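Each number in our numbering comes from the position in the sequence shown (counting from 1) with 2 added on. Virtual Cβ for every residue (Gly too), placed ideally from N, Cα, C. All values reported here derive from a predicted model rather than from experimental measurement.
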Amino acid sequence: MLIKGQCHCGNIAFELTWEGDPPEIPARACGCSFCTKHGGVWTSNPRSRLAVVVRDPAHVSKYEFGTRTATFHVCSRCGTVPVVTCEIASRLYAVVNVNALENVEPSWLRRAAASFEGETVESRLARRQRNWIPDVRIRVA
Ligand SMILES: [Zn+2]
């Protein structure tokens, strides 16, 4: 199915293809210091495609910390963080925030805690290449 999501004000919107109807959507409550502070819960699927549309790029703040391998796309108008990207070998990978999804039933979400502490940068990037959305397009509307 086509899953739709967006930040609260609609500045950052996305469409995500997903197998299954209804789909089973893993929802990982990340335990890192940033996600703990804003309540980030992420999903991805290595067989899915993500199309992101940004209305006003001037109101997208890109935040990085720690290993600086992931970029959090924060809407600076409404404060929501709908998308995280990571560039590996010239390919853009992404996860999306399940709290930003629009047409998804809560019962489709498979919630679990996730901790990636202690991972080396190498194993972290390899995990993202396996698990994150590997087909990501971001355009300005
Ligand atoms: Zn917004």
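Taking all protein chains shown into account, do 16 or more other C-beta atoms lie within 10 angstroms of the C-beta of SER46, making it buried, or fewer, making it exposed?
The count along the sequence shown starts at 1 and reaches residue 46 at position 44. Answer is buried; the Cβ neighbour count reaches 16.
Among ASN99, GLY81 and VAL123, whose alpha-carbon lies nearest the alpha-carbon of LYS152?
What the structure shows of the chain is the stretch from 3 to 143, and residue 152 is not part of that stretch, so it cannot be assessed.
Would you grab the beta carbon distance between LEU52 and LEU103 for me? Rounded to a whole angstrom, and I think it's under 8 Å.
Within the sequence shown, numbered from 1, the residue matching residue 52 stands at position 50. Within the sequence shown, numbered from 1, the residue matching residue 103 stands at position 101. Actually they are not in contact, since the Cβ atoms of LEU52 and LEU103 sit about 12 Å apart, beyond 8 Å.
Cβ-heavy atom distance, CYS11 to ligand 1, below 7 Å:
Counted from its first residue, the sequence shown places residue 11 at position 9. The answer is yes for CYS11.
Please classify SER109 as buried or exposed, where buried requires at least 16 other C-beta atoms within 10 Å of its C-beta.
Within the sequence shown, the letter at position 107 stands for residue 109. Exposed, because fewer than 16 other Cβ atoms sit within 10 Å of the Cβ of SER109.
Pull up the distance between the alpha-carbon of GLU89 and that of ARG129, whole angstroms please.
As a position in the sequence shown, residue 89 is number 87, starting the count at 1. As a position in the sequence shown, residue 129 is number 127, starting the count at 1. Separation of GLU89 and ARG129 (C-alpha to C-alpha, rounded to the nearest whole angstrom) is 13 Å.
SER125 lies in the beta strand (DSSP E); which residues open and close that run?
Counting from one through the sequence shown, the residue named residue 125 turns up at place 123. Following the DSSP letters along the chain, one finds SER125 in no beta strand (DSSP E) but inside the alpha helix (DSSP H) bounded by residues 123-133.
Confirm the yes/no value for this check: CB of THR73, any heavy atom of ligand 1, distance under 7 Å.
For the purposes of this step, residue 73 is taken as residue 71 along the sequence shown, with counting starting at 1. Checking every heavy atom of ligand 1 against the Cβ of THR73, none is found closer than 7 Å.
Closest to ALA115 by CA distance: which of PRO25, PRO24 and ALA29 is it?
For the purposes of this step, residue 115 is taken as residue 113 along the sequence shown, with counting starting at 1. If we check each option's Cα against that of ALA115, ALA29 comes out closest.
On the three-state DSSP scale, how would you describe ALA15?
In the sequence shown, the residue the question calls residue 15 occupies position 13. Of the three classes helix, strand and coil, the one that applies to ALA15 here is strand, per DSSP.
Quick check on this structure: which residue in ARG70, CYS11, PRO48 and PHE74 has the alpha carbon closest to the alpha carbon of GLY42?
One-based indexing of the sequence shown puts residue 42 at position 40. The shortest C-alpha separation from GLY42 is found at PHE74.
Rounded straight-line distance, which links the Cα of VAL123 to that of TRP134
Indexing the sequence shown from 1 puts residue 134 at position 132. Indexing the sequence shown from 1 puts residue 123 at position 121. Rounded to whole angstroms, TRP134 to VAL123 spans 15 Å at the Cα level.
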